[in-house]
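Colleague: Be aware that the sequence shown starts at 14, since it is given in my numbering, and climbs by one per residue.
Take this structure, written in structure tokens, and hold onto it; I'll ask about it next.
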Amino acid sequence: MSNERTRPNIQYVDTDTKELVNLLIQGYENIANKRLYPADPLRLFILWVADIMLQQRVLIDYSAKQNIPRFAEGKYLDNLVEFLNDTIKRLPPQAATTRIKYTLSTVRDTATVIPKGSRSTIDGKIFFETTKDLVIPIGELEGEIEAVCTVAGEIGNGFAPGQIKKIVDFVPYLEKIENITATAGGAETESDDSLYSRYREALSTYSTAGPEGAYRFYAKTANASIADVKTVSPKPGIAEVRVLMKDGRLPEEETITAIKKLLSADDIRPLTDNVVVKAADKISYKIDISYFGFKHGQLSAEAIEKAAKNAVEKYKAWQSEKMGRDINPSKLNQFLMEEGIKRVEIRQPQFKAVNDTAVAIAESTNLINGGVEDE
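In structure tokens form, the structure reads like this:
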């Protein structure tokens, strides 16, 4: 759950076990005028009753929190955002798309039709099908058409041009096929954190997309895998929208096109705005560190090495999850210390400010195990 959804915390019902047990035991002792010792069967019965009551209190507290968007989850959050009518709904899973080039074995004296739904595959497990009929005119050898993954979600993302080349549905005179763009745009069902973030930004949409928050809201509706959106105006009349995907990925051309199409709609784009959609600028950095464990600590040598790798991966994810986040070696040191590392020598990265439309992404990682030291 994101930081904006976890603080400040609200507790409607006290769920402290010790306090509840003491309250029940003291109540019984006052009524019965009898002291309950630890092994007394009645005390054990009261402990059982307290456990049941505690579970009910936890459920009551949880149910109350589901009426507040900041704490709501799943279907409860879906219902809370309904007051905005159709402005905001949880984004369903989306299928990855690509462009497929079909090449014939020979020039024909009649047009060749590749039917809508013609399938191709990478490995016999992941399939892409054409979204409409492709007509290769008389005298031509090839044609291009958009294809969509048959399974929605991120499973169809990340296949490079040329990887999809196996024909599933036979077409006469067809010699070969291949994808000419990387597959992209696939997304899982929108998470609670993402939906809540758009919910907060949705108030900006009561105007057209002029406010920065409105551009951010509408851009995120294009794909549930969008992690961050920044809008700047390099010159009057230009709204430049920068986009970053989850896991620090830069958006593919298909995603950028989808966002541009959505933001250019007459009921979204202000009349005087010229909308430009671009990927976040990429700033590369290197990680080069030596780490040391405690000589008489609880972690074994293998565990120390694993802890260091986990900390570095957390840092890389943190660094690339939003635009404008400065390259901060102090944060790397913090993650390593939290994993139980004694001391760290950080040669790279060095601190570097990152502008609002850029994201820092690690290009190489070098971890040196310096051994163990006395405390």
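Think of the CB as a built atom: it goes at the ideal place given N, C-alpha and C, for glycine as much as any other residue.
How about ALA165 and GLU142: are their beta carbons less than 8 Å apart?
Modeller: no
Colleague: Using 8 Å as the threshold, is the region 64-77 in touch with the region 38-53, meaning 3 or more CB pairs across them?
Modeller: no
Colleague: Among the residues of its own chain, which have a CB less than 6 Å from the CB of ALA391, if the five just before and after it don't count?
Modeller: For residue 391 there is no data in the structure shown, the boundaries of the chain being 14 and 388.
Colleague: Check the C-beta distance from ALA232 over to VAL242 and give it rounded, since I have them as a contact under 8 Å.
Modeller: Contact holds; Cβ gap of about 4 Å.
Colleague: In chain order, which alpha helix (DSSP H) runs of at least 4 residues are fully inside the region 324-383?
Modeller: Scanning the region 324-383 from its first residue to its last, the whole alpha helix (DSSP H) runs of 4-plus residues come out as 342-351.
Colleague: Put ILE127 into one of helix, strand or coil per three-state DSSP.
Modeller: If DSSP states are grouped into helix, strand and coil, ILE127 belongs with the strands.
Colleague: Which one of THR110, ILE149, VAL289 and ALA320 has the shortest CA to CA distance from SER133?
Modeller: THR110
Colleague: To which residues of the same chain is ARG48 closer than 8 Å at the C-beta, ignoring the five residues directly before and after it?
Modeller: GLU42
Colleague: Just to confirm, is the Cβ distance from ARG360 to ILE302 under 8 Å?
Modeller: yes
Colleague: What residues in its chain sit with their C-beta under 8 Å from that of LEU55, if we drop five residues either side in the sequence?
Modeller: Annotation for LEU55: TYR41 and LEU49 place their beta carbon closer than 8 Å to its own, counting only its chain and skipping 5 residues before and after.
Colleague: Give the secondary structure of GLY169 by DSSP, where H, G and I count as helix, E and B as strand, and everything else as coil.
Modeller: Helix.
Colleague: For a minimum of 4 consecutive residues, which ranges assigned as the alpha helix (DSSP H) are wholly contained in the region 26-70?
Modeller: 30-45
Colleague: I'd like the ranges of any beta strand (DSSP E) spanning at least 3 consecutive residues and lying wholly in the region 147-206.
Modeller: 147-149, 155-162 and 187-192
Colleague: Can you give me the Cβ contacts of ALA124 inside the same chain, cut-off strictly under 7 Å, excluding the 5 residues immediately before and after it?
Modeller: Close CB contacts of ALA124 within its chain, under the 7 Å cut and outside five residues either way in sequence, are with VAL148, ILE149, PRO150 and ILE151 (chain order).
Colleague: In chain order, what are the residue ranges of uninterrupted beta strand (DSSP E) at least 3 long that sit wholly in the region 213-298?
Modeller: 239-245, 251-258 and 287-292
Colleague: Would you mind stating whether LYS322 and PRO362 have Cβ atoms separated by less than 8 Å?
Modeller: The Cβ-Cβ distance between LYS322 and PRO362 does not fall below 8 Å.
Colleague: Do three or more CB pairs link the region 286-296 to the region 256-265 at distances below 8 Å?
Modeller: Yes, the region 286-296 is in contact with the region 256-265.
Colleague: When the Cα of LEU60 is compared with those of VAL34, ASP53, PRO82 and ALA197, which residue comes out closest?
Modeller: For LEU60, the closest alpha carbon among the candidates VAL34, ASP53, PRO82 and ALA197 is that of VAL34.
Colleague: Taking 8 Å as the threshold, find out whether the region 186-200 comes into contact with the region 260-269 through three or more Cβ pairs.
Modeller: yes
Colleague: Rounded to whole angstroms, what is the Cα-Cα separation between GLU386 and ASP205?
Modeller: C-alpha separation (whole angstroms): 44 Å.
Colleague: Just the C-alpha distance for THR268 and LYS274, rounded to the nearest angstrom, thanks.
Modeller: 10 Å
Colleague: Starting from the C-beta of VAL325, find all residues in its chain whose C-beta is less than 8 Å away, skip the five residues before and the five after it, and write them out in chain order.
Modeller: ILE300, ILE302, LEU345, PHE348, LEU349, THR378 and LEU380
Colleague: Closest by CA to PHE172, which one among LEU208, ARG112, ILE272 and SER313?
Modeller: ARG112
Colleague: Which value, in whole angstroms, describes the spacing of the CA atoms of PRO106 and ILE81?
Modeller: 25 Å
Colleague: Quick check: the Cα distance between VAL94 and ASP146, rounded to an integer number of angstroms?
Modeller: C-alpha separation (whole angstroms): 39 Å.
Colleague: Determine the DSSP secondary structure at PHE96, reduced to helix, strand or coil.
Modeller: helix
Colleague: Applying the 10 Å Cβ sphere with the 16-neighbour rule, what's the burial state of GLY306?
Modeller: buried
Colleague: Please return the same chain residues whose Cβ sits closer than 7 Å to the Cβ of THR270, not counting the five positions on each side in sequence.
Modeller: none
Colleague: Sort ALA320, GLN311, LYS248 and ILE317 by Cα distance to ASP286 and report the nearest one.
Modeller: Of the listed residues, the one whose Cα sits closest to ASP286 is LYS248.
Colleague: Using beta-carbon positions only, say whether GLU153 and GLU201 come within less than 8 Å of one another.
Modeller: GLU153 places its beta carbon 8 Å or farther from that of GLU201.
Colleague: Quick one: grab the DSSP three-state call for LYS114.
Modeller: In the structure shown, LYS114 sits in a strand (DSSP, three-state: E or B).
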